[in-house]
Amino acid sequence: MRQKAYSFFSIRSRRIQKLFDPGYYTAQYPDVSDYGGGPLDHYLRHGFREGRDPAPNFSTLYYKDRYLKTAGIERNPLEAHVEAGAARAGRQTWPATPEAFHAVQADVVRPYFDARYYGSLTGIVDPETALLDYLAVGWRRGLDPRPDFDGTAYLHAHPQVRLLNVSPFYHYVSTNTAPAFGQAHGDRTPLSDIVAAIRPEFDAAHYRASYADVAASGMDPATHYASHGWKEGRDPTELFWTSYYVRTNPDLILSGTNPFFHYLRFGRAEGRKPNPLGNTKWPPTRAPSAAEWDAVPAAAALDAARVVVVVPVYKGYDETLRALHAVLAEPQAAPFALLVLNDRSPDAPLTDALRALAARGLFTYYENPTNLGFVGTINCALDMTGARDVILLNSDTIVFGDWIDRLLAHAARDPRVGTITPFSNNATICSYPDSDRNNTVALELSPRALDAGAAAANAGRWVEVPTGVGFCFYMRGSLIAQLGPLDADAFGKGYGEENDYCMRVLKAGGRNILAADVFVYHSGKVSFSEVYDSEYTQGQAALLAKHPDYTLRIERFVATDPAADVRLNLDLYRLARAAGPRAAVFVVHAKGGGASVHADHLAGRLADEGVRVVTLTVTEGAYVEVGLFGAEGPYTPSLRALSVHDDYRILARFLSWLGPLFIHVHSFYGLDGTAVPVLMDLIEAAPGQTVVTLHDYSSVCLRNHLVTREGLYCGLPGGRPCADCDCAEARPGQDRMARYGAFYRAADRLLAPSQDVATRIEAIFGPLAITVAPHEEDLPTPAPRAAPRGGSVRRIGVLGAIGAHKGSNVIHALARDARRRGLAIDFTIVGYSDIPQKMDAIGIAETGRYAGSEEALALLAQHEIDLILIPSIWPETYCYTLSIALVSGLPVAVFDLGAPADRLRAAGAGHCLDPALANDPGRLNDCLLSLDLSYTSPAKVPTNIRFASYRSLLRDYYSVTGDDKAAPPPRAKDITA
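So that you can map any letter, position 863 of the sequence shown is 862 in numbering that gives the first Met the number 0, and since no number is skipped, the others follow by simple counting.
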């Protein structure tokens, strides 16, 4: 047996030996030197199964997973390449880029990767982005791809994997035929089981009513949803929104799992939300009391009316009586008649009530001698109204305020307007907050308050639409006379007749519009509901027969969504309302770091003082994103990133509705040069005070931190305003700087977290009214000064998120110099860097992102750090990581530059190093090794380490009182209809 095995491996050796590089293999994998059989024998027996590479131009795992696509690694990829013959010429044996390899790896691990879990660690929502982040950098930061896989433990158990430069999870999945855990994704539940599981909670009536094609097909609704509907974004109940559930649970995207099935089986117990609003529907409508009827005035007679409100009635006692009462109860400037037509209602109590109310002279009442259906009833009404304008109003609606006057105002502005439809919760393309949805789930505002909000947010605004919606449908009388009534012959008892009429209006040169300043509540399909399923399909067929272009017009409207901005206005108005009467605005960037930490802390403190913070987050280019800090705000589906240029008026209106105490500008970093002065204009014109914090140098350096593209601190010598900066693309220009200077001088309060940044900014812009106000922090009591550890190797801890301006290249150069010279010094990044692969290659460990100061302090202790080095090469304006270092009890070293050096001197602790050492790693290493880390009284707790504290942020930090509040936004009486 021994001889046969030897002969077999000899044959295999000869087959691949020309492609195998023994020198590379031995140098790359030092542990192989302990193997007695030689490097090639090791590769053939063990190495390829472990994913080791046989040569610098052949990646075992890349080749296996790109071309062989096998589970596990039983076949030697190098041998497979040799055996491929002529096919070898078209195969890459080494990935062209790291990204190309990541794409191959992603295909292997995707079924097992838990995007939701990883997203909880990183904040990354998109599952594919999360997967690629893990494969590229996440694993280097110690992050795991799923809760039951410990990457750190795997690397300890398989140290050779570190040398492959691939993630431990990819290595495990790729080299194992059957991973020990189940797939995170890929539900294979039989369709019949899914249907059985969802049927008890599936709302078949809702599904049929919402999707006429399903009703027409005769297919079982639950089966349709399970097989097709969920993929099309259809909703199985009014409270479960398929698209929302998939969008907010990205792990489902990878799995192909039916979302409603997932929710019932797992999601509900896990606390996942089926929709963004909750489970409270709009309250049921109740008929008015006798006292309410006694309080309403009568409508005008037909011959005295400017406009006639026509309400056809068939069923719905409570809904119909409430609808009629609302029309009468809301006073209008324009005289209006109310014409109620009873289409032979089967509801005797309803008919009795209508007759009694009509007998009191409250409205004009007519009963059809026979049932005419909706279209016939409306045409009967049009015969009675003559050439007057009419508003067709469903008997399951509720109107508010001066709704008629607002509709007529739109009609008066343009004689071409033939039909007008208002916003509603249930009005297809005129629906709010979601277009083309029956919005049955209640918002935070009542329908009456929504109408008042629409009137305030969209006063006088309208949007042209291809068709109106018949629940509330203004028709110009002169056009009725010209075009004729609704087409009863084609549309029978209803569904499609108003669409046909609108198409006739368009083809006659008229316009159909959405009145964005009116909101009418619509419960939906009450009066004529029993004919819906049968008549809808027939109506749609008749509509398309008369107007083949109807579908294209609707599709174009939906695709371009011209009503998005008027829905956005109402979203923003509601957001302003939700912020409350005491609000502040923070202008922040989205790049993280100290400015974000400070803003988050202030927002939390302000919330404790009864002030809600609204954020304007700067994104790349010329956009800002509006949000509400902390608690979840109102549902605002039309809210989008707003252009500082194109959406200036929208932003200005929002700020006027909000009426903030103050607008606190933390940073404009990320905005392009044309957008910054525009946003400054907007802020200066807005209500409330302007507060600015000098977090960075974006006013004088487009790169924000005075570090050139070569990674060198420019020095800002003598306060020179960068006018002749060698770093051309970072040069801000004199006009921009002049605008910044004017903005600083106009601010009500200009804050600097340190005297250093105040001095540097004043050197450029001249004297400014700067108040030095250090950041407030929540930190543990400073620890006693630690006695030196006394080890043979000095362990340097680098704290924080280390980019180029924070000294990542400095640390890498130090480690490289230490390795070359064999120095007894070791570097650990307690945090992470922007060059993790380079750091890993030179032997620098990164612990990954820490959650807060307590975890950072624990990591410093765990890694037995001797000295904390903060290697920032720019003059930081505060430095949160220095605060953690100061309370750690460990000695600290910084470059003698910016706020960190000033703060370290004030604390009477640590070492301020010559900034020139940043460019001389040899001298800097020598300096670090020579520092005296001992203290005369190791147990003494430092008494001169102090951090700012403000008893009241409003009073002591912002110098703002309640009297400084601007006028509040208009309020609507929040009465539930």
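Note that CB positions come from ideal geometry on N, CA and C, so glycine has one too.
This one's a predicted model, so the numbers in the text were calculated from it and none came from an experiment.
- Query: Under the three-state reduction of DSSP, which class applies to V525: helix, strand or coil?
  - Reply: Caution applies to V525, whose pLDDT of 48 falls short of 50 and renders its modelled position unreliable; the value that the coordinates give is listed next. V525 falls in the coil class under three-state DSSP.
- Return the first residue and the last residue of the alpha helix (DSSP H) that R354 is part of. A347 to A358
- Opening and closing residue of the beta strand (DSSP E) in which D388 lies: D388 to L392
- Output yes or no for whether 8 Å exceeds the beta carbon distance between L952 and R604. yes
- With distances taken Cα to Cα, identify the nearest neighbour of G789 among G22, E863, F362 and F148. E863
- Is T689 near F661, with beta carbons less than 8 Å apart? yes
- Item | Contacts around R343, its chain only, beta-carbon distance under 6 Å, and the 5 residues preceding and following it disregarded | N367 and N370
- Query: Sorted by chain position, which residues of the same chain lie with C-beta nearer than 7 Å to L650's C-beta, five sequence neighbours on each side aside?
  - Reply: L641 and L681
- Query: In or out: G717 buried (at least 16 other Cβ within 10 Å) or exposed?
  - Reply: Residue confidence for G717 is low, a pLDDT of 44 falling below 50, so the modelled location carries little weight; the figure read from the coordinates is stated next. G717 comes out exposed.
- Item | Residues that V771 bridges to, as DSSP identifies them | A751
- Query: With DSSP run on the structure shown, which of helix, strand or coil describes I834?
  - Reply: coil
- Could you spell out where the beta strand (DSSP E) holding T689 opens and where it closes? Q688 to T692
- Message: I need the straight-line Cα distance from E150 to D839, nearest angstrom please.
- Response: According to the sequence displayed, residue 150 carries Gly and not Glu. Whole-angstrom Cα-Cα distance: 15 Å.
- Task: In the DSSP assignment, find the unbroken beta strand (DSSP E) run with W461 in it and report its ends.
- Result: W461 to E463
- Count the other CB atoms, across all protein chains shown, that sit within 10 Å of the CB of P311; report buried if there are 16 or more and exposed otherwise. buried
- Is the distance from the Cβ of M383 to the Cβ of L301 below 8 Å? yes
- Cβ neighbours of R954 in the same chain (closer than 8 Å, five flanking residues each side left out): T960
- Message: How far does the beta strand (DSSP E) with Y171 in it extend, from its first residue to its last?
- Response: Unbroken run through Y171 is the alpha helix (DSSP H), P167 to T174; no beta strand (DSSP E).
- Query: Which class does G118 belong to by DSSP, given the choice of helix, strand or coil?
  - Reply: helix
- Cutoff 8 Å: G765 Cβ touching any chain B Cβ: The structure shown contains no chain B, having only a single protein chain.
- Query: Buried or exposed: which applies to S522, given that a residue is buried once 16 or more other Cβ atoms fall within 10 Å of its Cβ?
  - Reply: buried
- Query: DSSP on T420, reduced to helix/strand/coil?
  - Reply: strand
- Assuming S423 contacts F470 (C-beta within less than 8 Å), just tell me the rounded distance between them. 6 Å
- Are F472 and I390 touching if we call contact CB-CB under 8 Å? yes
- When we look at the beta-carbon of S119 and count the other beta-carbons within 10 Å, is it buried (16 or more) or exposed? exposed
- Message: DSSP three-state label for I649, please.
- Response: helix
- May I have the straight-line CA-CA distance separating R161 from A26, to the nearest angstrom? 14 Å
- Query: Run through DSSP, which three-state label would C379 get?
  - Reply: helix
- Query: Nearest-angstrom Cα distance between A898 and A772?
  - Reply: 13 Å
- Message: Determine whether the beta carbon atoms of I810 and P870 lie at a separation below 8 Å.
- Response: yes
- Task: Have a look at R305 and G360 and give me their C-alpha separation to the nearest angstrom.
- Result: 18 Å
- Message: Could you tell me the alpha carbon to alpha carbon distance between R415 and T770, rounded to whole angstroms?
- Response: 60 Å
- Task: Report yes if the C-beta distance between I824 and L711 is below 8 Å; otherwise report no.
- Result: no
- Under the assumption that A621 contacts D671 (Cβ atoms under 8 Å), give the Cβ distance between them as a whole number of angstroms. 6 Å
- Query: What's the gap between the Cα of P779 and the Cα of L866?
  - Reply: 19 Å
- Query: Which residue's Cα is closest to the Cα of Y739: I760, A751, V756 and D755?
  - Reply: I760
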